[in-house]
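Numbered by the working numbering, the letters in the sequence shown go through residues 720 to 1032 in order.
Note that the Cβ used here is the ideal one computed from N, Cα and C, for glycine as well.
Bear in mind the structure is a predicted one, so any value in this text is a computation, not a measurement.
Following: one structure in structure tokens, then a few remarks.
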Amino acid sequence: EDGTTTASPSFPWHISLSGSYSRSHRPSNFQEVSSFHIPNPTARNLASAPTARTTSSPSHLYSTDPSSISNPLSILTKSQPSNRENDLMIGEDSGVYDFDNEKMGALGEAGWATFFVAVATILTAVVVLWIYPETGYGDDFVHFLETDVAHGNSHIVTLAFGIIFPLMHSGLASLRPWGEKIVGARTWRVIFAFPSLCLSYSWIVYFISHAHDGIQFYDISQIGWVHALAWITNFASFLFLYPSVYNLKEVAAVEKPTIHLWETGIIRITRHPQYIGQVMWSAAHLAMVGTSFTAFTMVLLIAHHAFSCWNGD
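The following block contains the structure:
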């Protein structure tokens, strides 16, 4: 969801951050295999990348042997190497981290000091230019949708958000190959992030305020096991929704945003983790609310993610 769709001169087909590809963008000479990957540019040179070896059977789920971890709490500070005996060994091992390698650094360096300043700067811009009523335009935008477009119908307002947000979010993601040539990868990340943050904030706030609008189809929120199941599903959805934004420094453009195609982790379960995560999140919230407004909003969110799978977001 951070707009990392791009096309590289060395890899001219349209690919996505989550490791899937769009069949509509597939060239005629593309040979479909069980998976395909781009090597980590920091780990090896693209030209010297090993040739993908052929696997005789679909990938199996391999994980680190728990008995090999002497202290289970150590995974909080350093990731364990994945078992990659059945991988093509061209893509990346996802979610790799070692706190010993992380540095605060000075401003301007690719460290956490620059990260916090960068995040604080863009969030301040969002607050001043969009959220704060005295200076921002967010409330004016929502008022325009409510009065001039929807005439008080909250279902029409969420429909408007469900059209405008994908156009902005997926549109800027699709324009990235051209935008980066003009302003560079880091600047384009900021250009992409700002309107997405503003619109997502307004849509989330509006959803919270109007979630119980419309027809109440059912109310099972007071059933204990249903509430527990919805909570667990909602929690698990974030393990699918955000596996590829693990490198926070790239998200904040402190490090240059690059293409990542994972060969381990959540991609072994589904090629479209953000889509699956959104379905889980929407199902959990709809189970708890059960109104026509919530159902319509969840359909719009899932539809956007389904389109993103095709578009290569």
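Considering only the alpha carbon of each residue, which of ASP812, LEU878, THR796 and THR833 lies closest to HIS1023? One-based indexing of the sequence shown puts residue 1023 at position 304. When each option's Cα is compared against that of HIS1023, the closest is LEU878.
Runs of beta strand (DSSP E) lying entirely within the stretch 859–901, each at least 3 residues, in chain order: none
For the stretch 993–1006 against the stretch 848–856, are there 3 or more C-beta pairs whose distance is under 8 Å? no
Outcome for PHE834 when other beta-carbon atoms lying within 10 angstroms are tallied against a minimum of 16: For the purposes of this step, residue 834 is taken as residue 115 along the sequence shown, with counting starting at 1. PHE834 comes out buried.
Around the Cβ of ASP932, are there at least 16 other Cβ atoms within 10 angstroms (buried) or fewer (exposed)? If you number the sequence shown from 1, residue 932 lands on position 213. Its Cβ being crowded by 16 or more others within 10 Å, ASP932 is buried.
Please report the distance separating the alpha-carbon of HIS862 from that of GLN799. Here residue 862 corresponds to residue number 143 of the sequence shown, with the count starting at 1. Here residue 799 corresponds to residue number 80 of the sequence shown, with the count starting at 1. Each residue's alpha carbon lies about 50 Å from the other.
Among all the DSSP beta bridges, which residues are the ones paired with ILE811? Mapped onto the sequence shown, residue 811 falls at position 92. Contrary to the premise, residue 811 reads as Glu rather than Ile in this sequence. Paired residue(s): TRP981.
Taking the alpha carbon of ALA1003 as the reference point, which residue from ALA955, GLY814, ARG987 and CYS1028 has its own alpha carbon closest? On the sequence shown, residue 1003 is found 284 positions in, with the first residue counted as 1. Selected option, being the one with the closest Cα: ALA955.
Below 8 Å on the Cβ atoms is my guess for GLY814 versus GLU982; work out the distance and round it to an integer in Å. The residue labelled residue 814 in the question sits at position 95 within the sequence shown. The residue labelled residue 982 in the question sits at position 263 within the sequence shown. GLY814 to GLU982, Cβ: 12 Å. No contact.
Put ASN759 into one of helix, strand or coil per three-state DSSP. Locating residue 759 in the sequence shown gives position 40, where the first residue counts as 1. With a pLDDT of 45 at ASN759, under the threshold of 50, the modelled position of this residue cannot be trusted; read the value that follows with caution. ASN759: coil per DSSP, three-state reduction.
Could you give the DSSP three-state label for ASP817: helix, strand or coil? In the sequence shown, counting from the first residue as 1, residue 817 sits at position 98. In this structure, ASP817 counts as strand in the three-state DSSP scheme.
Please report the straight-line C-alpha distance between ALA829 and VAL1018, rounded to a whole angstrom. Position 110 of the sequence shown holds residue 829. Position 299 of the sequence shown holds residue 1018. Computed Cα separation, rounded: 39 Å.
Between which residues of its own chain and ASN1030 is the CB-CB distance below 6 Å, once the five residues before and five after are set aside? Along the sequence shown, one-based indexing puts residue 1030 at 311. Hits under 6 Å: SER889.
Could you tell me the alpha carbon to alpha carbon distance between LYS968 and PRO976, rounded to whole angstroms? Residue mapping note: residue 968 aligns to position 249 of the sequence shown, counting from 1. Residue mapping note: residue 976 aligns to position 257 of the sequence shown, counting from 1. Rounded to the nearest angstrom, the two C-alpha atoms are 9 Å apart.
For ASP1032, which option in MET823, LYS822, ASP867 and PRO896 has the closest C-alpha, if you only look at C-alpha atoms? Position 313 of the sequence shown, counting from 1, holds the residue named residue 1032. Nearest of MET823, LYS822, ASP867 and PRO896 to ASP1032, Cα basis: PRO896.
Would you mind listing the alpha helix (DSSP H) stretches within the stretch 904–979 that are 4+ residues and don't spill past its ends, in chain order? 904–929, 943–960 and 967–970
Kindly list the residues whose CB is nearer than 7 Å to the CB of VAL876, restricted to its own chain and excluding five residues on each side of it in sequence; keep chain order. One-based indexing of the sequence shown puts residue 876 at position 157. If we look at VAL876 and ignore the five residues flanking it on each side, its Cβ neighbours are LEU864, GLU865, ALA869 and TYR925.
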